[in-house]
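Note sheet for the following structure.
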Amino acid sequence: MDRIIPITGKVKFSITLDPGVWIFDDRKIDLDTYFSGQKEEQPQEEDEIQKISAYWDREIQEGAVFPPTLKTEKKFAKEKLITGTFAMPLAPFLRNAEALPEADAFVVVTENGEVPIPLEQAHELILCFSKDGKPLKEDGPVHVYFGDGSNRQNPITHVRQFIVR
0 MDRIIPITGK
10 VKFSITLDPG
20 VWIFDDRKID
30 LDTYFSGQKE
40 EQPQEEDEIQ
50 KISAYWDREI
60 QEGAVFPPTL
70 KTEKKFAKEK
80 LITGTFAMPL
90 APFLRNAEAL
100 PEADAFVVVT
110 ENGEVPIPLE
120 QAHELILCFS
130 KDGKPLKEDG
140 PVHVYFGDGS
150 NRQNPITHVR
160 QFIVR
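For what it's worth, numbering that gives the first Met the number 0 labels the leading residue of the sequence shown as 0, then goes sequentially.
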C-alpha cells in the first residue's frame, strides 16, 4: 500500500504528503487531547502547573528531593511518541499547494469513493497518522477528522488522494 498522499487539482503546486515522517514534525498534535476541550481548560491547567512548580521550589529549597532532570523529561517525551495518538493539521499543506481562485471544493479520495468537502472546511481538517504509537497500516495511511470533531467516532479512512476542485 502506498503511504504517500498527493494533493492535486486546481492548485498552483501539486504536492505529496508523507505521514511517515510527521512523528518528527513540531506541528503534530496529540489527538487524545485535541477534541477533549483541554484547550478551553488551559487556565485551570496553568494553575495546576503553578501549584506543582511551587511545591518543587519549596522541596528544592529545603533540600528534600532532587528536581526532575532533563534526562527524565526526554524519556517521558520518547515514551509519549511511542505510545501516543497523533495527527497533523491539513491547513499548512493546503496553503503550500495554493488553491487557484476558481477552486471551491476539496475531495478526499478513498478506496471506497470520494468525499466532497467545501474548500473552506478543508482547512480545518485534521489528519491522524499514528494510533497508540503505531502507523495506520490497515485503514490508513491517515484518518481524516473534521476540525469540530463531529466525525470523531467515524473518521474518513483508507485515504488515497486529495483533490482541490
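Idealized CB from N, CA, C, for every residue including glycine. These figures come from a predicted structure and were not determined experimentally.
I need the straight-line Cα distance from residue i to residue j, nearest angstrom please.
i, j, result
"E119", "K133", "30 Å"
"E101", "K9", "8 Å"
"F161", "T82", "28 Å"
"R151", "E137", "18 Å"
"T156", "D103", "23 Å"
"N153", "F145", "10 Å"
"F92", "E113", "20 Å"
"L135", "L99", "31 Å"
"I28", "S149", "18 Å"
"T143", "I6", "Before going on, a small fix: residue 143 reads as Val here, not Thr. For V143 and I6, the distance between alpha carbons rounds to 14 Å."
"I14", "Y33", "26 Å"
Whose CA, out of the options, lies closest to the CA of residue i?
i, options, result
"P88", "F12, H157, G19 and L30", "L30"
"F23", "E137, D138 and F128", "F128"
"P140", "W21, I28 and G148", "W21"
"R2", "T109, D131 and D147", "T109"
"D147", "S35, D131, F105 and K130", "S35"
Can you tell me whether residue i is buried or exposed, with buried defined as 16 or more other CB within 10 angstroms of its CB?
i, result
"G19", "exposed"
"F12", "exposed"
"L16", "buried"
"T84", "buried"
Given a cut-off of 9 Å on the beta-carbon distance, is the pair residue i and residue j in contact?
i, j, result
"V107", "V163", "no"
"I116", "A86", "no"
"E90", "H122", "Note that residue 90 is Ala in the sequence shown, not Glu. Yes, Cβ-Cβ distance for A90 and H122 is below 9 Å."
Q) Hey, which unbroken runs of the alpha helix (DSSP H) at 4 residues or more fall wholly within the region 108-160? A) 118-121
Q) Which full runs of the alpha helix (DSSP H) of 4+ residues lie inside the region 0-41, going along the chain? A) 30-33
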